[in-house]
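The next block holds one structure in the form of structure tokens; read it before the comments.
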Amino acid sequence: MMRPLNDRHRLEVMLEMIQQIESYAYYGYFQDFSIDKTMVLAMLKRLEIIGEAAHWLSPELKSVHTQID
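Here our numbering = 1-based position in the sequence shown + 931.
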């Protein structure tokens, strides 16, 4: 049985997705966006994961860190 995700896990997932996006930028993969639809979809998926994880953060965490919406 899977344990429910907690804020720490969600924040770790968000950080991992951000690091992956940054690595694409660092290695210049953004230049490939106009020709590589797979790269575009991969980046959009990571942004979607970040948004979904942020959405499910606890109200307690969001009340302490009001910049999270």
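Here a beta-carbon is modelled for each residue, glycine too, at the ideal position from N, C-alpha and C.
Environment of residue 941 [buried if 16+ CB atoms lie within 10 Å]: If you draw a 10 Å sphere on the C-beta of residue 941, you find 16 or more other C-beta atoms in it, and that means buried.
Residue 990, DSSP secondary structure in three states: helix
For the alpha helix (DSSP H) containing residue 938, list its first residue and its last residue. Residue 938: member of the alpha helix (DSSP H) spanning 938–957, first to last residue.
Is the beta carbon of residue 948 closer than 8 angstroms to that of residue 999? no
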